[in-house]
Amino acid sequence: MPVLVMKFGGTSVANLDRIRRAAKRVGVEVAKGYDVIVIVSAMSGKTNELVGWVGETSPLYDAREYDAVVSSGENVTAGLMALTLQEMDIPARSWQGWQVPLKTTSAHSQARIEEIPPENINAKFAEGMKVAVVAGFQGISPEGRITTLGRGGSDTTAVAFAAAFDAERCDIYTDVDGVYTTDPRICGKARKLDKIAFEEMLELASLGAKVLQTRSVELAMRYKVKLRVLSSFEEQSDEAGTLVCDEEEIMESNVVNGVAYSRDEAKLTVQSVADRPGIAATIFTTLSDAGVNVDMIVQDVSEDGRTDMTFSCPTDQVARAEKALLAIKEQGELNYAELLADKDVAKVSVVGIGMRSQSGVAAKMFKVLSGEGINIKVITTSEIKISVLIDRKYMELAVQALHDAFELEKAR
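See the structure below:
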């Protein structure tokens, strides 16, 4: 039988009624002749509750026990989903990560998937099981301990299963009905995309669009897994949602296909450092070792052998960055005049595979922002993306203006 993977997020399994609704969707696919692998998240809010309990019990907790606790939310959902399907006379059973087994690295709370042997589940399919309900977000380390894949890891679990079982498709059910040209809450003209290329989705996910976890898109692109993003709250058709697929499957695309934003950004400037080989390596190795996720980087023109180094990072990592850079200054490894932090900025980006073959996108973007009186602080580009840092108070205005300027409300 062909295999279909269906993943249900926390809002889609938030209570028993929603689990029953999700189970009915699974039943529809079973009736079409699929063997179905269902990946479930914990019920909405449950993981946060479990994380809170761990922190309250042990502020300096053992990461292995953290994983044992927080992974339990998915186990509950998997069991309830299997029971619901059995009540519908659909042969189903639940699977925890260690039972599959989903083999991971030993990096607790941020483990990476290494292998998913299909033999155990395929053997049960051969015996008549129609649905394997797998607890998402979790696996087992080489030491035999439960691991978790990081927040949003159930998306990654689903794509990994689709690759391991050569599934026809991986359907991600969530609380939105697809991928939009931008956030509909900010721009009323936002349009749902029927299809989007892997590369575009990867950029949008990494730039702040929260529809799919970045690692899941990377995995789908590597293994050519067709992804479909759907709403679990709306009636479905075969054309529902947004298909994330190879660029070759999209006949024609807009030059720009989406506008993304990230509200919680900060800009840091290391003033007056020596302009010589090794300085950038010292700064960014130090930040990396401190766990600071650096994004945009700009170096000013050198004057009298000194230069400024500017970079962006998440707002909640500013204190960590300041502490790390001050430490190497005091140790004499880096001499700088001052470290300036601006926590009141946002990142706005335009993304589109059409940028590869059409010029003028940057010029148009900058002209639009200028016309709205929005000053650009930092710019970075890639083959299919242009990102700028601006004052946070102008973020929504920038998103709306760019969406209008590139006419993203119109389908091509």
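Take the sequence shown: its letters are residues 61 to 472, numbered as in the working numbering. Backbone N, C-alpha and C fix where the C-beta goes; we use that ideal spot for every residue, glycine too.
- In this structure, Ile181 places its C-beta atom within 9 Å of the C-beta atom of Trp155.
- In the three-state reduction of the DSSP assignment, Arg282 falls in the helix class.
- Comparing alpha carbon positions, the residue from Leu457, Cys230, Ser313 closest to Val289 is Cys230.
- Spanning the alpha carbons of Glu260 and Asp355 requires a straight line of approximately 18 Å.
- Here Ile436 is actually not in contact with Leu457; their C-beta atoms are around 14 Å apart, not less than 8 Å.
- Taking 9 Å as the cut-off, the Cβ atoms of Ala320 and Val352 do not count as close.
- Rounded to whole angstroms, the separation of the alpha carbons of Arg323 and Thr329 is 19 Å.
- Between the stretch 215 to 228 and the stretch 121 to 130 there are fewer than three C-beta pairs closer than 8 Å, too few to call the two in contact.
- Counting along the chain, the unbroken beta strand (DSSP E) around Tyr321 starts and ends at 318 to 334.
- Bridge partners of Ile439 according to DSSP: Val448.
- Within the stretch 118 to 160, the runs of beta strand (DSSP E) at least 3 residues long that lie entirely inside it are, in chain order, 152 to 155.
- DSSP places Gln359 in the strand class (E or B) of the three-state scheme.
- Among the bridge pairs identified by DSSP, Leu400 is matched with Thr329.
- Segment contact: the stretch 103 to 111 against the stretch 69 to 78, three or more CB-CB distances shorter than 8 Å; contact assigned.
- Counting along the chain, Gln198 sits inside the beta strand (DSSP E) bounded by residues 198 to 200.
- The secondary-structure analysis by DSSP pairs Thr302 across a beta bridge with Val289.
- For secondary structure counted as the alpha helix (DSSP H) over 4 or more consecutive residues, the stretch 186 to 263 holds these complete runs in sequence order: 213 to 224.
- By alpha-carbon distance to Pro202, the top candidate from Gly431, Thr165, Gly318 is Thr165.
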